[in-house]
Amino acid sequence: MSQRFRAGSGFVIAAMLSGLATMSVAGQSRATAKAYTAPRTPDGQPDLQGIWTNNTFTPLERPKGVTKEFYTREEALEVIKRATLVESEQTEPGTVADVHYDFTQFGLDRSQETMALNLRTSLIVDPPAGRLPPLSVEGQRRAADRAAARKARGGTHDAVQNEPLGARCILMDRNGPPMLAGAYNNGYQIMQAPGYVMILTEMLHDARIIPLDGRPHLPANVRQWTGSYRGRWEGQTLVVETTNLTDKFAFQGASENMRLIERFTRTAEDTILYRFTVEDPATWTSPWSAEVPWKRTTGPIFEHACHEGNYGLYNTLAGARAEEKKAAGEAEKKETSK
Amino acid sequence: MHRRGWLDRAVMLSVGLTLAVTPIASQSRTYRAPRTADGKPNFNGIWQALNEAHWDIESHAAAPSPVLELGAAHAVPGGLGIVDGTIPYKPEALTKKRENHANRLKLDPEIKCYLPGVPRANYMPYPFQIIQGSEYIMMLYTFAGAVRTVYMDNHKDAPADSWMGWSNGHWEGETLVVDTKGFNGQTWFDRAGNFHSDALHVVERYTATSPDHLLYEATLEDPNVFTRPWKISMLLYRRLDKNTQIMEFRCVEFVEELMYGHLRKPPPRSPSEGGVTR
């Protein structure tokens, strides 16, 4: 059976890579970006509507050893091919330690899903080194405080509250805001109505209903996991400002006072260029920006009921308790046999 | 002071007579909703039910809170219900409904922050927002951040069962008709234990009766649980508060201790209690 699957996955990879050869390069050329004018919605907004994906193998930070900003097309295809092969290896039973999921069910999601060919070597475009700026003194202190607090709470599996947010189906680190891709569920559905842009994130069925009427942010004491977000149009670009975040989320180690500016620009019929800037002097010595193209894809987006089916979380905790009990039993046996 | 002319009085009289003999559902025909750009009734906005159906969709008297400590703060307010008559349960299903009610603190999916399903999402005590397009109409709920996509064209059968079901919609004049199937059978109708199976089929009708009211009617069918189709109806009210918005209600976080607290690592036992020293 695994033999049959291997044959199948090989076919999928071949098909996917042949698809890549005809991929258009998205979001690279500013000149092209300016040339395209998005159609308008009936109420006059540039039209961002549709089903999109920000699926990518491009890492947030430039890999060590890579010094240039852009790959050649051939290099980029090679990077994708390598990454695809690594993910397909996970579909081989026993090749990875993590058996939390049956990888044959989803391990190839990323390589089979629509993906823009991104020549960038990192999503971070500023600083030009493609890596997060250094932590400020306050940022270093908070990182140390947070690490100490984590340690004081005990092991990851000691209590549900110690588990990562993603495992708890509260918020995926990558889903932000800002909105970044992971291994699967990278779909977005954008709808516009007079006064609003709605972005539904497939992962965790998270909807951001962004008001465009210039209303003030939420009161400063009201903190939300996804913050307070307000949008406005600057020409062709939807600009969304997010504040009022919570200390519990801490995107890339940020403080709750992080201010996020996201910019969505339709640069082609099938592409939105998504660019964001993170401002948080309490964490980094300078603001930083990243960009990733979103590619039009096919729907529908299906309900992702993560919490409702979170057997993994239950089993992880129950398994940890069972192992402790077993270890305690063995220790007791050892004591009595002394 | 302005004195009404005979024509005004005649019109008022005739409207009054019409209202007196017209059931609520057809009153809507007297109101024509503002239109969206594509000429459909415009239901964009933030809406909320103002009734006691989230406690019990059937008529019920006030009752104590199921949680002793919450006293009157979480007691059940009486309500006239939104069901046309009573729910036509099969005998064995009525027994299960009663068991559900008796064990509601353990069994009600709302308590676990599970997606609420349909129609329950529409009369929970939280606002929801409608974002209306030509291809899709989105219903975005406060509770658990539940989302429904109503497919206005390209109708399909549900690709798989889900909590919120698969919704296909169409317009019948002033009315949005939403046909929802493909439920997983794990949701309830209310806190009273009223329930259904995965064979539930809901047909909802949304009709504006004023700029700020939607008449909500639904027919519910589930041959596994009910002897015949039955109906509910209620009003949805537009939230007119300044800057009103759907607030985040990521309730997973609020139920973790309840659901997984028993799996917390116990504190180490001291040697005097027979604990193993390290």
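Protein chains in written order, with the numbering used here: chain A, 450 to 787; chain B, 995 to 1272.
Just so it is clear, CB atoms sit at the ideal spot from N, CA and C, and this is done for glycine as well.
The model shown is predicted, which means the values in this text are computed figures rather than measured ones.
Residues near residue i in its chain [Cβ-Cβ closer than 7 Å; skip 5 each side]
i, result
"isoleucine 750(A)", "Ile500, Gly636, Gln638, Leu649 and Glu651"
"arginine 617(A)", "Val609 and Leu762"
"asparagine 759(A)", "Cys618"
"aspartate 575(A)", "Trp737 and Ser738"
"methionine 640(A)", "Gln498 and Met647"
"alanine 769(A)", "His606"
"aspartate 1102(B)", "Trp1182 and Arg1185"
"threonine 563(A)", "Thr502, Asn504, Lys744 and Thr746"
Alpha carbon of residue i to alpha carbon of residue j, nearest angstrom
i, j, result
"glutamate 1052(B)", "alanine 630(A)", "45 Å"
"glutamate 419(A)", "leucine 1109(B)", "This structure does not reach residue 419(A), given that chain A is present from 450 up to 787, and the question cannot be answered."
"glutamate 527(A)", "glutamate 518(A)", "16 Å"
"leucine 820(A)", "asparagine 634(A)", "Since the displayed chain A opens at 450 and closes at 787, residue 820(A) lies outside it and no answer follows."
"threonine 1238(B)", "glycine 644(A)", "13 Å"
"glycine 588(A)", "arginine 681(A)", "30 Å"
"alanine 703(A)", "glutamate 690(A)", "16 Å"
"methionine 1133(B)", "glycine 1111(B)", "12 Å"
"tyrosine 1231(B)", "glutamine 561(A)", "45 Å"
"methionine 1106(B)", "alanine 771(A)", "Strictly speaking, residue 1106(B) in this sequence is lysine, with methionine absent from that position. If you take the alpha carbons of lysine 1106(B) and alanine 771(A), they lie about 24 Å apart."
"serine 1128(B)", "proline 582(A)", "44 Å"
"glutamate 718(A)", "aspartate 1147(B)", "22 Å"
"aspartate 594(A)", "proline 730(A)", "17 Å"
"leucine 620(A)", "lysine 783(A)", "43 Å"
"leucine 443(A)", "tryptophan 733(A)", "In this structure chain A extends from 450 to 787, so residue 443(A) is not present and cannot be described."
"arginine 479(A)", "aspartate 662(A)", "A caution first: arginine 479(A) carries a pLDDT of 48, below 50, which makes its placement in the model too unreliable to give a value."
"alanine 1027(B)", "lysine 697(A)", "44 Å"
Close beta carbons around residue i, own chain, < 6 Å, minus the five adjacent residues each side
i, result
"arginine 1258(B)", "none"
"glutamate 1046(B)", "Pro1071 and Gly1073"
"arginine 1199(B)", "Thr1169, Val1171 and Glu1211"
"tyrosine 1117(B)", "Ala1043, Ala1047 and His1048"
"asparagine 1162(B)", "Tyr1145, His1149 and Asp1173"
Short CB-CB distance (under 8 Å) between residue i and chain B
i, result
"glutamine 673(A)", "yes"
"phenylalanine 751(A)", "yes"
"proline 668(A)", "no"
"arginine 679(A)", "no"
"alanine 597(A)", "no"
"valine 609(A)", "yes"
"glycine 603(A)", "yes"
"tyrosine 763(A)", "yes"
"valine 773(A)", "The amino acid occupying residue 773(A) in the given sequence is glutamate; valine does not appear at that position. Answer yes: the Cβ-Cβ gap between glutamate 773(A) and chain B drops below 8 Å somewhere."
"alanine 803(A)", "What is shown of chain A runs 450 to 787, which leaves residue 803(A) out entirely."
"proline 582(A)", "no"
"methionine 707(A)", "no"
"glutamine 498(A)", "yes"
Residues that DSSP places opposite residue i in a beta bridge
i, result
"phenylalanine 971(B)", "In the structure as shown, chain B begins at 995 and stops at 1272. Residue 971(B) is therefore absent and cannot be evaluated."
"aspartate 575(A)", "Ser738(A)"
"glutamate 711(A)", "Val689(A) and Phe725(A)"
"asparagine 1094(B)", "In DSSP, asparagine 1094(B) forms no bridge with anything."
"threonine 533(A)", "BP columns for threonine 533(A) are empty, so no partner."
"proline 1103(B)", "DSSP output for proline 1103(B) lists no bridge partner at all."
"lysine 1225(B)", "Thr1213(B)"
"leucine 694(A)", "Answer is none; leucine 694(A) lacks a bridge partner."
"glutamine 641(A)", "Val646(A)"
"methionine 1132(B)", "Ile1125(B) and Thr1143(B)"
Minimum Cβ-Cβ distance from residue i to chain A less than 8 Å
i, result
"tyrosine 1254(B)", "yes"
"lysine 1259(B)", "yes"
"serine 1156(B)", "yes"
"glutamine 1239(B)", "yes"
"serine 1083(B)", "Strictly speaking, residue 1083(B) in this sequence is tyrosine, with serine absent from that position. False, the Cβ-Cβ gap to chain A never drops below 8 Å."
"arginine 1232(B)", "no"
"threonine 1024(B)", "no"
"glutamine 1123(B)", "yes"
"valine 1144(B)", "no"
"methionine 1118(B)", "no"
"leucine 1134(B)", "yes"
"leucine 1109(B)", "yes"
Assumed close pair residue i, residue j - CB separation to whole angstroms, cut-off 8 Å
i, j, result
"serine 677(A)", "leucine 667(A)", "4 Å"
"asparagine 567(A)", "threonine 507(A)", "5 Å"
"aspartate 622(A)", "glycine 615(A)", "6 Å"
"histidine 1190(B)", "glycine 1179(B)", "7 Å"
"alanine 1202(B)", "proline 1217(B)", "So it is not a contact: roughly 33 Å between Cβ atoms."
"glutamate 711(A)", "proline 577(A)", "At roughly 21 Å, the Cβ-Cβ gap does not stay under 8 Å, so glutamate 711(A) and proline 577(A) are not in contact."
"glutamate 536(A)", "arginine 559(A)", "6 Å"
Contact set for residue i: own chain, Cβ-Cβ below 8 Å, skip 5 residues either direction
i, result
"methionine 656(A)", "Before going further, note that residue 656(A) is alanine rather than methionine in the sequence given. Excluding residues within five positions, the ones whose Cβ falls inside 8 Å are Met647, Ile648, Leu649 and Thr650."
"aspartate 496(A)", "Ala487, Pro488, Arg489, Thr490, Gln641 and Arg715"
Under 7 Å by beta carbon: chain D residues contacting residue i
i, result
"aspartate 622(A)", "Reference to chain D is not applicable here, since the protein chains of this structure are A and B."
Closer than 7 Å: residue i CB and nearest the ligand ATP heavy atom
i, result
"glycine 748(A)", "The ligand ATP is absent from the structure shown, which contains no ligand whatsoever."
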